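Take a look at the structure set out below.
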Amino acid sequence: MSTATTNSNGRARAGSHTVVAIVEDKPGVLMRVASLFRRRGFNIESLTVGHSEEKGLSRMTILVDGEGAPIEQVEKQLYKLIDVVKVSDLSNEEMIPRELALIKVRANNVNRHELLDIANVFRADVVDIATSSLILQVVGDETKIDGLIKMLEPYGIRELSRTGRIAMVRGAKTTTVHEREPEKIREIHERAGRRVEGRELPFSSD
Amino acid sequence: MVLESLEREGVDTMFGYPGGVVLPLYDTLPQFPGIRHVLVRHEQGAAHMADGYARASGRLGVCLGTSGPGATNLVTGITTSWMDSTPVLALTGNVARTLLGRDGFQEADITGITHSITKHNYLVMQASEIPLAMREAVHIATTGRPGPVLVDIPKDVFQEEAEFYWPEHLSLRGYKPTTEGHDGMIKRAAALIDQAKRPIIIAGHGVIWGEAQKELVELAEKAQIPVITTFLGISGFPENHVLSYGWLGMHGMFYANMAADAADVVIGIGMRFDDRAMGRFKDFNPNAKIVHIDIDPAEIGKNFATAVPIVGDVKRVLPKITDHVQHGVRTDWLRWIDQVREEHPSLHIRESRRMLPQYVVRTLYEETQGNATIVTGVGQHQMWAGQHYFYNKPRQLISSGGLGTMGFELPAAIGAQMALPNEEIWAICGDGSFQMNIQEMAVLVDEGLPVKMAIFNNGYLGMIRQWQQLFYDKNYSSCGITQPDFCKLADAYGIRALRVETKAEVPLAIKEAREYKGPILLDFQIDQEENVWPMVPAGASLAETIEQPAEELAR
Ligand SMILES: Cc1ncc(C[n+]2csc(CCOP(=O)(O)OP(=O)(O)O)c2C)c(N)n1
Ligand SMILES: [Mg+2]
Chain X
8 MSTATTNSNG RARAGSHTVV AIVEDKPGVL MRVASLFRRR GFNIESLTVG HSEEKGLSRM
68 TILVDGEGAP IEQVEKQLYK LIDVVKVSDL SNEEMIPREL ALIKVRANNV NRHELLDIAN
128 VFRADVVDIA TSSLILQVVG DETKIDGLIK MLEPYGIREL SRTGRIAMVR GAKTTTVHER
188 EPEKIREIHE RAGRRVEGRE LPFSSD
Chain Z
-17 MVLESLEREG VDTMFGYPGG VVLPLYDTLP QFPGIRHVLV RHEQGAAHMA DGYARASGRL
43 GVCLGTSGPG ATNLVTGITT SWMDSTPVLA LTGNVARTLL GRDGFQEADI TGITHSITKH
103 NYLVMQASEI PLAMREAVHI ATTGRPGPVL VDIPKDVFQE EAEFYWPEHL SLRGYKPTTE
163 GHDGMIKRAA ALIDQAKRPI IIAGHGVIWG EAQKELVELA EKAQIPVITT FLGISGFPEN
223 HVLSYGWLGM HGMFYANMAA DAADVVIGIG MRFDDRAMGR FKDFNPNAKI VHIDIDPAEI
283 GKNFATAVPI VGDVKRVLPK ITDHVQHGVR TDWLRWIDQV REEHPSLHIR ESRRMLPQYV
343 VRTLYEETQG NATIVTGVGQ HQMWAGQHYF YNKPRQLISS GGLGTMGFEL PAAIGAQMAL
403 PNEEIWAICG DGSFQMNIQE MAVLVDEGLP VKMAIFNNGY LGMIRQWQQL FYDKNYSSCG
463 ITQPDFCKLA DAYGIRALRV ETKAEVPLAI KEAREYKGPI LLDFQIDQEE NVWPMVPAGA
523 SLAETIEQPA EELAR
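Chains as they are written, first to last, in this note's numbering: chain X, 8 to 213; chain Z, -17 to 537.
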């Protein structure tokens, strides 16, 4: 499971908060979180979901526009969702924010070297190269990625894909959940949400 | 599996309506004689009945609808429960798993639709998960801040065979309501109360659901704090208590609004500082320090900055505060409110030859000696019922506060009567509101329920007319409403009915209805143009409460 959205300019605005939510890995949980934000009028700048260190739990990193809503309300409302197990606001911690971007930029024999030099400065990797384009992969915080994009714009960016922020607190402190589910309940939950086997076409409903 | 789970949870009544995908469940219903199924006439009725059942008894209410339209018809009722935090389990069937997501006949994405109006919901994809989902659903609905939970089950899951596994202990990592209250905060609250010269308690629905009337009385008496309630908090504090000063808000008592506005410490207990209660937020009593006690942390600080937040179960928190506060003497403050009440009584009913609706409610109060359970619709009649009946026992007033759902009264009264067969239940109905779920009269007959229906027949969507009169230059647009002959209609259902046309007949009709053993409808032809007072105009502050104007008093 992985998804991300960023606002139009893809930039994390000042005053935004990095909220990490550890959620049960169950169907519909992403929709619950997204619909909560919509309903309460909180703005999401980016939202990224993936597995956590614990099986059955996913980790969401949400970049929230702090102007739209008091961050305390965001946290409390998230906690109200049954599938949300833990919420932390990393903004006041020393954290490492990271985002990954793939950038397809126009390139030709004349400027390719220049582009590679720029990529080098930003420690971006060239992951694909063709006669009229190349794809750069860059990892860093939003400012770094914004900086690279700015440098590449004059050459013509053909396609851009950014993951949205993930983040982790420095040092030994963690944002984790230690409570395990009982074996039997876990088994039941793991089966949840799967479609029934069999590929028959829909039958007429009686 | 579903019914067995319900039985294990102690459910003995459910309100439902069949359809294709829930037929497997209906097929097994006869095997569970301990569960009484009430066949409604519209699924909205089922949801309100479950809600009324819950509000009257304090126990879980259960309703059931089929997929698609059955499920969507439940939505208004579920939202009503959501806004007022009542424990309701809504069960729906859905199309078979292979058809889900393919817009099959009568498919509605009811879990998607109800995300924002339920505390939680489930789409159960394996029969083996049914017991766990049901158990979790009931637990979530009934604990912490109660609320509706929906369980959606595809048709073929009902039919699938599986081992029945009933977990002894639930493991909900993301759901652990705080009940105890923080000791440090409790001490701070007590200290703030001790220093206060003009403290006031605003008690909400949470006091009723937390079953904390006794604990509230003890705190109020020890510290000598006057108590006002929210509209939904009515009956949480006995209205015949000397420290009771009515309820506040848009149509609250003048003195209650003034006391809230003049207080130096406001102690909100099991309530959510809603706009209908508090008036314009930014001008609500800027000098008051707020102590807020609620089981839902998200309510604290949502609308107002709070000086002392306490997250916990009111029943556990209040005695701790009572232990810490000192015996208070607040004669000056109480005398001040008494004085305001003397000058602005709000609940005085003027002499009139007309059948004033206030008089009808007051007569009902007197005839029933304040012992009936009152269930209301939404509109002017709802406000009069809140004002002119006096409630001393918790759960005596059942009304849709947060959502303001017209059509609530009849089905909710049916649910209440199912829960409390020996109580006297009066549905105070608006002539408009009643028509929104009028079909449920059939259930009264089916189940032999002695609900008394009092129609406040003013020929108008009265609350709409009042607003149009006051704020839209008497431009009465679409507020006059033609009525069927309610008596004939009741008769058609096989229900006894009386038309009450003059003031003199009011007490007699009420007496007759009380003596009659079955359901009965009284069509009170009340004064058509009476307005509800006092009133805080929409968007005004409590300090701007207006009382009944002289020209209306002269009518
Ligand atoms: C379902 C629904 N639709 C519309 C409204 C808006 N509304 C609030 S009060 C009211 C009039 C109610 O009329 P009636 O039932 O006759 O009661 P009255 O005010 O006359 O006592 C209306 C239309 C509502 N609360 N609920
Ligand atoms: Mg009316």
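Don't be surprised by glycine CBs; every beta carbon is placed ideally from N, CA and C.
This one's a predicted model, so the numbers in the text were calculated from it and none came from an experiment.
Shortest Cα-Cα distance from G368 (chain Z) to any of Z:G228, Z:I135, Z:F453 and Z:E162 involves Z:G228.
For the C-beta of K151 (chain X), not a single chain Z residue is nearer than 7 Å; the gap to the nearest is close to 35 Å. In summary, the residues of the segment 30 to 50 of chain X whose CB is separated from some CB of chain Z by less than 8 Å are V30, E31, P34, G35, M38, R39, S42, L43 and R46, in the order they occur in the chain. Around the beta carbon of E89 (chain Z), 16 or more other beta carbons lie within 10 angstroms, which makes this residue buried. Cα atoms of M517 (chain Z) and R258 (chain Z): separation of roughly 11 Å, rounded to the nearest angstrom.
I183 (chain Z) and F213 (chain Z) have their C-alpha atoms spaced approximately 14 Å apart. Neighbourhood of S153 (chain Z) in chain X, by CB distance below 7 Å: E188, P189 and I192, in chain order.
Here G500 (chain Z) carries a coil assignment [DSSP, helix/strand/coil]. Interface flag for Q141 (chain Z) against chain X is unset, since no Cβ pair is found closer than 7 Å.
Only residues of its own chain outside the window of five on either side were considered, and among them H306 have a CB closer than 7 Å to the CB of K169 (chain Z), listed in chain order.
Residue pairing by DSSP places V248 (chain Z) opposite Z:I182 and Z:I272 in a beta bridge. Linking N457 (chain Z) to G500 (chain Z) through their CA atoms gives a straight-line distance of about 42 Å. Taking 7 Å as the CB threshold, A280 (chain Z) lines the interface with chain X. The DSSP assignment places 181 to 185 as complete runs of the beta strand (DSSP E) inside the segment 154 to 201 of chain Z, in order along the chain (cut-off: 3 residues).
Residue ranges of uninterrupted alpha helix (DSSP H) with 4 or more members, entirely inside the segment 436 to 510 of chain Z and ordered along the chain, are 444 to 453, 468 to 475 and 487 to 497. A Cβ-Cβ separation of about 7 Å places P149 (chain Z) in contact with K191 (chain X) under the 8 Å criterion. Per DSSP, N353 (chain Z) lies in no beta strand (DSSP E) and is assigned neither H nor E.
With fewer than 16 other Cβ atoms inside 10 Å of its own Cβ, V427 (chain Z) counts as exposed. Using a cutoff of 6 Å, the CB of N440 (chain Z) counts as near ligand 1, since one of the ligand's heavy atoms is closer than that.
Beta-bridge annotation (DSSP): L105 (chain Z) is paired with Z:D134.
At a cut-off of 7 Å between C-beta atoms, D90 (chain X) counts as an interface residue with respect to chain Z. Going by DSSP, I319 (chain Z) is part of the alpha helix (DSSP H) stretching over T313 to E325. Here the alpha carbon of V44 (chain Z) sits roughly 13 Å from the alpha carbon of V22 (chain Z). Under the Cβ distance rule, I195 (chain X) counts among the residues neighbouring chain Z, one pair being separated by less than 7 Å. The nearest non-hydrogen atom of ligand 2 is 6 Å or more from the C-beta of G397 (chain Z). Of the candidates X:E31, X:G73 and X:Y86, X:Y86 places its Cα closest to the Cα of T160 (chain Z). The C-beta distance from L225 (chain Z) to I207 (chain Z) rounds to 7 Å, short enough to meet the 8 Å contact threshold.
Judged by DSSP in its simplified three-state form, F140 (chain Z) adopts helix. Taking the Cβ of L107 (chain X) as the reference point, every heavy atom of ligand 1 lies at 6 Å or farther away.
The beta carbon of P393 (chain Z) sits no closer than 7 Å to any beta carbon of chain X. Using a Cβ-Cβ cut-off of 7 Å, K83 (chain X) counts as an interface residue toward chain Z, since at least one Cβ of chain Z sits closer than that to its own. In terms of Cα proximity to E529 (chain Z), the closest of Z:V139, Z:A123 and Z:L329 is Z:L329. Fully enclosed alpha helix (DSSP H) runs of no fewer than 4 residues occupy 119 to 128 of the segment 117 to 146 of chain X, in order along the chain. For D413 (chain Z), the shortest separation between its Cβ and any heavy atom of ligand 2 lies below 6 Å.
Annotation for M445 (chain Z) indicates a beta carbon within 6 Å of some heavy atom of ligand 1.
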